[in-house]
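Residues in the sequence shown are numbered consecutively from 243, following our numbering.
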Amino acid sequence: MKDEFKQAGWSRAINRTLQIIFAITFILVINIIAARQFTRHDLTQNHRYSLSAESLAYLKALKGPIDVYVTIPRQSDQKEVVTLYNDVSNILREYEFAVKSIHPDFFKVHYIDIYQQRKVAEELNQRFGLQKDNVVYVASGKQFQVILPSDLYEVESGKITGFKGEQAITSAILEVTSGSKDKIYFLTGHGEMRIDDTSPLRGLSELYHSLQERNLDVAAIDLSTRSDVPEDASCLIIPSPQSPLLASEAQKVRHYLEEDNGRAIFLLDPAQNHGLDELLYEWGILSDDMLVIDTGKDFQSAEGDLIIRRYAEHSITKPLIDFQLPILVGLSRPARPHPGAPLDERQSTITLIASSDESWGERAYFDSDTIKFDSSTDLIGPVSIAALTERRVNSELGINIPGGRVVAFGNADFISNNRFNTLGNKLLFTNTVLWTLDRESLLSIPPKSIEDIQFTLSRQDLLRTGMGLSILPAVVLILGISISWMRRR
Numbered sequence: 243m244k245d246e247f248k249q250a251g252w253s254r255a256i257n258r259t260l261q262i263i264f265a266i267t268f269i270l271v272i273n274i275i276a277a278r279q280f281t282r283h284d285l286t287q288n289h290r291y292s293l294s295a296e297s298l299a300y301l302k303a304l305k306g307p308i309d310v311y312v313t314i315p316r317q318s319d320q321k322e323v324v325t326l327y328n329d330v331s332n333i334l335r336e337y338e339f340a341v342k343s344i345h346p347d348f349f350k351v352h353y354i355d356i357y358q359q360r361k362v363a364e365e366l367n368q369r370f371g372l373q374k375d376n377v378v379y380v381a382s383g384k385q386f387q388v389i390l391p392s393d394l395y396e397v398e399s400g401k402i403t404g405f406k407g408e409q410a411i412t413s414a415i416l417e418v419t420s421g422s423k424d425k426i427y428f429l430t431g432h433g434e435m436r437i438d439d440t441s442p443l444r445g446l447s448e449l450y451h452s453l454q455e456r457n458l459d460v461a462a463i464d465l466s467t468r469s470d471v472p473e474d475a476s477c478l479i480i481p482s483p484q485s486p487l488l489a490s491e492a493q494k495v496r497h498y499l500e501e502d503n504g505r506a507i508f509l510l511d512p513a514q515n516h517g518l519d520e521l522l523y524e525w526g527i528l529s530d531d532m533l534v535i536d537t538g539k540d541f542q543s544a545e546g547d548l549i550i551r552r553y554a555e556h557s558i559t560k561p562l563i564d565f566q567l568p569i570l571v572g573l574s575r576p577a578r579p580h581p582g583a584p585l586d587e588r589q590s591t592i593t594l595i596a597s598s599d600e601s602w603g604e605r606a607y608f609d610s611d612t613i614k615f616d617s618s619t620d621l622i623g624p625v626s627i628a629a630l631t632e633r634r635v636n637s638e639l640g641i642n643i644p645g646g647r648v649v650a651f652g653n654a655d656f657i658s659n660n661r662f663n664t665l666g667n668k669l670l671f672t673n674t675v676l677w678t679l680d681r682e683s684l685l686s687i688p689p690k691s692i693e694d695i696q697f698t699l700s701r702q703d704l705l706r707t708g709m710g711l712s713i714l715p716a717v718v719l720i721l722g723i724s725i726s727w728m729r730r731r
């Protein structure tokens with residue numbers, strides 16, 4: 243009898259051991275299969291973090307590694323920063339997963355605290371000039387692109403309405419893997435503002451670094467020593483010439499714009515003869531020898547500077563309108579569509595920014611004692627302070643091919659070091675440069691809409707909802723107590 247009980251005990255022990263082994267084996271096999279064969283589903287509203295077929299196609303075609311450096315803090319007292327981190331980390335996780343199945347080592351995300359990881363931050367600063375928080379850097383080799391928080395969201399009437407993370411990140415990937423950079427030339431030789439000047443009033447060093455962050459190659463050029471504008475010029479910027487360009491230099495700029503479908507940005511100061519009137523006329527723009535006077539209370543700072551709040555609907559100004567960002571400028575001259583320019587179906591000219599209704603263009607500005615609106619000589623407001631012209635090239639097949647682009651500002655000090663990072667100045671000029679380069683929208687990926695959903699429940703609704711949610715846990719609890727009581731009996 244004892245032997246039978248002993249044998250039965252051994253049988254039960256072996257049976258339990260085998261059951262445990264089989265259970266563990268089953269769990270391991272299931273996990274192995276799940277790790278290799280699985281699907282992912284975006285359960286967020288409007289599939290906020292799902293990647294489009296366009297982005298997936300670009301990622302499959304990657305030929306080199308991509309490193310993404312995120313300097314957004316994981317924890318913050320600011321709700322906006324927490325939301326920014328969650329959105330960026332979630333969508334970057336989708337990029338990692340998409341690339342990992344094809345190129346396991348081609349996409350790596352690094353989260354950097356630039357204040358605590360000083361050594362890593364210093365290395366990145368030497369490599370990319372990385373010295374900002376709350377931004378995303380996308381890098382491949384020596385190429386890099388910075389993504390700002392304003393690049394990640396669509397805003398309407400001051401409210402965030404869409405998440406543009408996929409568009410911004412995929413665009414940055416395309417930029418850094420393209421193998422080439424757009425080259426921006428700044429004209430010199432006429433007392434212009436310089437990109438190597440760090441002085442607050444006439445220096446452009448802040449602008450220089452900002453353009454570099456956009457993966458742009460920036461250099462200075464003196465046309466008096468060259469036969470023409472370089473072939474690799476993507477855009478020519480003429481910032482605040484203090485003396486007129488020579489006729490031969492103006493002709494070189496004209497040839498670049500017309501024959502090469504070039505792109506140019508003119509920043510012209512009041513009371514300065516720049517020698518570009520005829521060239522601007524050909525592009526439908528007039529920069530009158532006037533001074534813009536604005537008496538509107540909301541359009542003038544305490545120091546007497548102009549605060550520009552009037553924008554045309556355009557891709558350049560859309561973020562300024564959405565975020566309700568004004569522009570701060572000093573003394574300005576008009577830059578407007580030329581009323582006497584010849585009709586040309588190839589080109590269109592519009593006002594980009596303007597002063598208030600209480601402003602005017604003062605022609606007798608040289609005598610401060612007589613500054614008063616004169617309808618016979620002055621320009622009635624609102625006064626255009628920036629205008630742009632876009633020209634199309636009609637091909638033999640009847641296809642409209644993008645041609646040259648010209649933007650003229652009646653002010654230059656808004657991009658100087660002491661004003662560049664003020665209000666919307668940086669955003670305005672950066673967007674202007676990107677527009678001239680056809681880079682204002684690299685992709686057709688639409689933003690993912692963001693909607694606030696709120697439930698309003700009465701006390702009775704809240705009671706019913708609470709009872710409904712409590713039924714299942716209550717049933718489980720009652721069954722557990724019943725089974726326990728039955729076993730004890």
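Note that the Cβ used here is the ideal one computed from N, Cα and C, for glycine as well.
Note that the coordinates shown come from a computational prediction; the quantities given were computed from them, not determined experimentally.
If you compare alpha carbons, which of the options is closest to residue i?
i, options, result
"residue 467", "709, 487, 503, 460", "487"
"residue 650", "658, 666, 671, 644", "671"
"residue 431", "484, 445, 405", "484"
"residue 404", "291, 340, 434, 575", "291"
"residue 644", "355, 500, 605, 293", "500"
"residue 346", "646, 528, 304, 445", "304"
"residue 421", "491, 390, 603, 459", "459"
"residue 352", "363, 342, 344", "363"
"residue 632", "599, 604, 588", "588"
"residue 581", "527, 259, 332", "527"
"residue 606", "302, 319, 298, 575", "575"
"residue 357", "350, 349, 366", "366"
"residue 577", "556, 628, 597", "628"
"residue 338", "368, 298, 652", "298"
"residue 440", "714, 676, 660, 675", "660"
"residue 494", "521, 470, 613", "470"
"residue 522", "604, 548, 630", "630"
"residue 322", "425, 392, 520, 583", "392"
"residue 613", "533, 573, 545", "533"
"residue 397", "361, 566, 317, 349", "566"
"residue 443", "715, 718, 656", "656"
"residue 558", "593, 515, 318", "593"
"residue 591", "524, 722, 497", "524"
Spatial neighbours of residue i within its chain, please: C-beta separation below 8 Å, excluding the five flanking residues on both sides.
i, result
"residue 330", "312, 314, 378, 394, 407"
"residue 732", "Here the chain covers residues 243 to 731 and nothing more, so residue 732 does not appear."
"residue 564", "396, 397, 398, 399, 400"
Could you give the C-beta distance for residue i and residue j, rounded to a whole number, given that I count them as a contact under 8 Å?
i, j, result
"residue 595", "residue 535", "Their Cβ separation, rounded to whole angstroms, is 16 Å, which puts residue 595 and residue 535 out of contact at 8 Å."
"residue 602", "residue 625", "7 Å"
"residue 429", "residue 453", "So it is not a contact: roughly 15 Å between Cβ atoms."
"residue 658", "residue 435", "7 Å"
"residue 212", "residue 599", "No information on residue 212 is available, as it lies outside the stretch 243 to 731 that the chain covers here."
"residue 507", "residue 325", "So it is not a contact: roughly 35 Å between Cβ atoms."
"residue 758", "residue 529", "Outside the shown range of the chain, which is 243 to 731, sits residue 758, and nothing can be said about it."
"residue 371", "residue 455", "7 Å"
"residue 427", "residue 461", "6 Å"
"residue 327", "residue 335", "Their Cβ separation, rounded to whole angstroms, is 12 Å, which puts residue 327 and residue 335 out of contact at 8 Å."
Output needed for residue i: all residues of its chain with C-beta closer than 6 Å, excluding positions within five of it in sequence on either side, in chain order.
i, result
"residue 382", "306, 308, 418, 419"
"residue 387", "380, 414, 417, 418, 457"
"residue 699", "In this prediction, residue 699 has a pLDDT of 44, which is less than 50 and means its spatial position is unreliable; what the coordinates show is noted afterwards. Here the set comprises nothing."
"residue 654", "481, 482, 509, 511"
"residue 333", "291, 407"
"residue 505", "477, 647, 678"
"residue 374", "none"
"residue 253", "none"
If you drop the 5 nearest sequence neighbours on each side, which residues of the same chain put their C-beta closer than 7 Å to that of residue i?
i, result
"residue 562", "553, 666, 669, 670"
"residue 662", "448, 449, 668"
"residue 696", "Confidence at residue 696 is low in this model, with a pLDDT of 43, below 50, so the placement of that residue is unreliable and no value is reported for it."
"residue 623", "597, 598, 599, 600, 601, 602"
"residue 340", "293, 298, 301"
"residue 261", "none"
"residue 568", "549, 550, 551, 665, 666"
"residue 694", "Low local confidence applies: a pLDDT of 47 at residue 694 is under 50, so the model's placement there is unreliable, with the coordinate-based value given in what follows. If we look at residue 694 and ignore the five residues flanking it on each side, it has no Cβ neighbours."
"residue 257", "none"
"residue 423", "457, 458, 459"
How about residue i: is its Cβ closer than 7 Å to a heavy atom in the ligand SAH?
i, result
"residue 301", "In the structure on display, the ligand SAH does not appear, and there are no ligands present to speak of."
Within 8 Å, do at least three Cβ pairs link the segment 469-484 to the segment 615-628? no
Counting only runs of 4+ residues fully inside the segment 319-358, write out the alpha helix (DSSP H) ranges in chain order. 321-342
Which complete beta strand (DSSP E) runs does the segment 543-588 hold, if anything under 3 residues is left out? 548-550, 569-571
Secondary structure, beta strand (DSSP E): runs of 3+ residues fully inside the segment 478-539: 505-509, 533-536
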